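Peer 1: With the working numbering applied, the sequence shown corresponds to residues 2 to 426, in that order.
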Amino acid sequence: MKKLLELRSEIDKCVRCGTCRSTCPTFKVIGRETSCARGRVTLVAEYMNGGVGLSETFLKHLKECTLCGACRSKCPNGVDTVAIFAAARRDVTEKQGVPFAASIIFKNLLASGGIMSLGLKLATRLQGLFFRDASAGVGLLSRFSLPLVGSGRLVPPLAPTSFLDLPEVKSAEGKADKKDGPSVAFYAGCGINYLMPEVGLKSLEAVRRAGASVSVPQGQACCGMPAYAMGDIATARSMALKNLEVFEAADADFIVTSCATCGHGLKSLMASLLADSPELKARAEKIAAKTRDISELLIKELGFKAKGRVAERRVVTYHDPCHLGRAQGLREEPRELLKMGPGVVLKEMKNPCLCCGLGGGLMYNNYELSMEIAAKKAENIKKSGAEFVATACPGCIVQLRDGLHRSGVDVKVCHVVELLSEEKP
Ligand code: SF4
Ligand code: SF4
């Protein structure tokens, strides 16, 4: 991954045209120059020139970016804004260190499955002390201000047993059998593993229904995207290396994930983090070439067909996760898959690819701003008239549930794979 000093020419490509302003979710809410890509690129350039130091104001504008990439896709000069902002965060983190609470999670928990599983068991027992059920039954509300959580925030309950610890998942640890169609190794990611094991189970079911055999390698780590967004590149790199080794050993035809962010992490970030070693980079590129999002695998590789049973009508709208639509170019595949769900009628919302406000750690860096962005999303979802909003990223699911709850919009949020069967999510 390039350091800030190596991105000088990328910064110089910005001609300050301002095209990126119209598409930026933070500019839509704040409306100031420092809250769009043009302003942020200018600030980073000034930081490199010594014109601005590590002031609170500089850090605030840098950390209020969701790293959604909307500016990059709109930029007529092809400025890699996300690379610039990520490198600036890295530079700052190398000077200031990782925030204490985040460093505990990244270094001691996410990188180590065993410790995390023990911590999860304890946290599941204790969560009633810190949280209460939200009235709508869609999550938990914090009783008082907590590190990284704040107060009054809707959070998903921790799974009583993590996905990787479920007996039916543990029994799928070995190599997938290549005699029974293509072999697929499933990458869970933290969201599915610790918060939404049911999404993982539905994913395995769909892949099997499509005629492939699935393995779930144990020992897989976080994809590294949260640490990358915080600028903690050393931790992100160690996670990438661990996943490289685990998925090489799995030796499957495909690696599949049902998390848009993890998919981007495996397809792009892993090779970039390991680029300091040509040998590791080449191995990471092989992993990337095998990696598919669940909708991409089912539609493009396995020719998935739904059961086709008549069911009650479900009006569904779809939110494009930034890491799937923009980062992986997958917009049609999740929609095609959705339409195969029994009874599903797809009704598009306005601007479905507008960021939900979660990305880049914004829900931790500035929760109120992330919720103001989510409120715009909630308005579009409400206007669609749908009963469900489906998406393809556990992080977006968490953010959309919180945003809809705050806005008083009664629309259920689920993963695309949860609408492939008759049961209601
Ligand atoms: S659209 Fe591109 S060139 Fe124009 S101001 Fe934004 S980043 Fe700079
Ligand atoms: S990455 Fe997204 S939030 Fe950040 S400046 Fe670009 S459009 Fe705005």
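Glycine included, each C-beta is placed from N, C-alpha and C at the ideal position. Predicted model, so just to flag it, every value in this text is computed and none were measured.
Using a Cβ-Cβ cutoff of less than 6 angstroms, which residues in the same chain neighbour G326 once the five nearest sequence positions on both sides are dropped?
Peer 2: Excluding positions up to five away in sequence, the list reads R332, C354.
Peer 1: Can you give the Cα-Cα distance for P335 and K301, rounded to whole angstroms?
Peer 2: The straight-line gap from Cα to Cα measures roughly 11 angstroms.
Peer 1: In this structure, how does DSSP classify T162 when only helix, strand and coil are distinguished?
Peer 2: In the structure shown, T162 sits in coil (DSSP, three-state: anything other than H, G, I, E or B).
Peer 1: Please work out which residues of its chain come closer than 6 angstroms, Cβ to Cβ, to A393, disregarding the five sequence neighbours upstream and downstream, and give them in chain order.
Peer 2: Hits under 6 angstroms: A261, P322, L325, P335, V417.
Peer 1: To the nearest angstrom, report how far apart F28 and S36 are at their CA atoms.
Peer 2: Distance between the alpha carbons of F28 and S36 is about 5 angstroms.
Peer 1: Hey, which unbroken runs of the alpha helix (DSSP H) at 4 residues or more fall wholly within the stretch 45-103?
Peer 2: Here the runs fully enclosed are 57-64, 71-75, 82-97.
Peer 1: Exposed or buried, what is E297 when buried is set at 16 or more other beta-carbons lying within 10 Å of its beta-carbon?
Peer 2: Counting Cβ neighbours within 10 Å, E297 comes out buried, since at least 16 surround it.
Peer 1: State buried or exposed for S273, treating a residue as buried only when at least 16 other CB atoms are found within 10 Å of its CB.
Peer 2: Looking at its Cβ environment, which holds 16 or more other Cβ atoms inside 10 Å, S273 is buried.
Peer 1: Checking 7 angstroms against the spacing of the C-beta atoms, do C357 and Q400 come in under that value?
Peer 2: Yes.
Peer 1: Could you give the residue range of the beta strand (DSSP E) that holds R315?
Peer 2: 315-319 is the span of the beta strand (DSSP E), which, as asked, contains R315.
Peer 1: As a quick exercise: from V156, S408, L202, pick the residue whose alpha carbon is nearest that of V257.
Peer 2: Among V156, S408, L202, the Cα nearest to that of V257 belongs to L202.
Peer 1: Taking the alpha-carbon positions, what's the P100 to P77 distance?
Peer 2: Near 36 angstroms, if we compare the C-alpha coordinates of P77 and P100.
Peer 1: Taking 6 angstroms as the limit, name every residue whose beta carbon sits nearer than that to some heavy atom of ligand 2, in sequence order.
Peer 2: Going along the chain, the residues that qualify are T24, C25, P26, T27, C37, A38, R41, C66, T67, L68, C69, G70, A71, C72, T82, V83.
Peer 1: Tell me whether the beta-carbon of I85 lies closer than 7 angstroms to the beta-carbon of A46.
Peer 2: Cβ distance not < 7 angstroms, so I85 and A46 don't count as in contact.
Peer 1: To which residues does DSSP link S214 through a beta bridge?
Peer 2: Paired residue(s): S184.
Peer 1: Since I believe A253 is in contact with S427 (beta carbons under 8 angstroms), could you give me their beta-carbon distance rounded to a whole number of angstroms?
Peer 2: Nothing in the structure corresponds to residue 427, since the chain is present only between 2 and 426.
Peer 1: According to the neighbour-count rule (16 or more other Cβ atoms, all chains shown, within 10 Å of its Cβ), is L155 buried or exposed?
Peer 2: So L155 counts as buried.
Peer 1: Please determine whether the Cβ atom of G32 lies at a distance below 6 angstroms from any heavy atom of ligand 1.
Peer 2: No, since every heavy atom of ligand 1 falls outside the 6 angstroms radius drawn around the Cβ of G32.
Peer 1: In terms of alpha-carbon separation, which member of I398, I234, G386 lies closest to R90?
Peer 2: Here the closest residue by C-alpha is I234.
Peer 1: How would you write the range of the alpha helix (DSSP H) that C263 sits in, first residue to last?
Peer 2: Segment 261-265, the alpha helix (DSSP H) holding C263.
Peer 1: Would the beta-carbon of N78 be found less than 6 angstroms away from any heavy atom of ligand 1?
Peer 2: For ligand 1, at least one heavy atom lies less than 6 angstroms from the Cβ of N78.
Peer 1: Please identify the residue among K378, G51, M231, G264 whose C-alpha is closest to the C-alpha of H406.
Peer 2: Per the Cα distances, K378.
Peer 1: Using the three-state DSSP reduction, which class does L270 fall into: helix, strand or coil?
Peer 2: Correct three-state label for L270: helix.
Peer 1: Can you tell me whether P198 is buried or exposed, with buried defined as 16 or more other CB within 10 angstroms of its CB?
Peer 2: P198 comes out buried.
Peer 1: In the DSSP assignment, the alpha helix (DSSP H) including F28 goes from what residue to what residue?
Peer 2: 26-31 is the span of the alpha helix (DSSP H), which, as asked, contains F28.
Peer 1: Which residues share a DSSP beta bridge with T236?
Peer 2: Per DSSP, none; premise fails for T236.
Peer 1: By Cβ distance, which residues of its chain are closer than 7 angstroms to R209, with the 5 residues on each side in sequence left out?
Peer 2: Excluding sequence neighbours, R209 sits near V215.
Peer 1: Quick check on this structure: which residue in R73, T43, A71, C69 has the alpha carbon closest to the alpha carbon of F59?
Peer 2: It is T43.
Peer 1: On the three-state DSSP scale, how would you describe C356?
Peer 2: DSSP places C356 in coil when its eight states are reduced to three.
Peer 1: Give the DSSP-derived three-state secondary structure of K340 in the structure shown.
Peer 2: DSSP places K340 in helix when its eight states are reduced to three.
Peer 1: Please indicate yes or no: does the CB of R17 lie closer than 6 angstroms to some heavy atom of ligand 1?
Peer 2: Yes.
Peer 1: Between L159, A230, G212, which has its C-alpha nearest F107's C-alpha?
Peer 2: Of the candidates L159, A230, G212, the one whose C-alpha sits nearest the C-alpha of F107 is A230.
Peer 1: Does V208 come out as helix, strand or coil in the three-state DSSP assignment?
Peer 2: Of the three classes helix, strand and coil, the one that applies to V208 here is helix, per DSSP.
Peer 1: Please report how far the alpha carbon of K96 lies from the alpha carbon of P343, in whole angstroms.
Peer 2: Going by the C-alpha atoms only, they are around 53 angstroms apart.
Peer 1: Do T43 and ligand 1 come close, with the Cβ less than 6 angstroms from some heavy atom?
Peer 2: Not so, every heavy atom of ligand 1 lies at least 6 angstroms from the Cβ.
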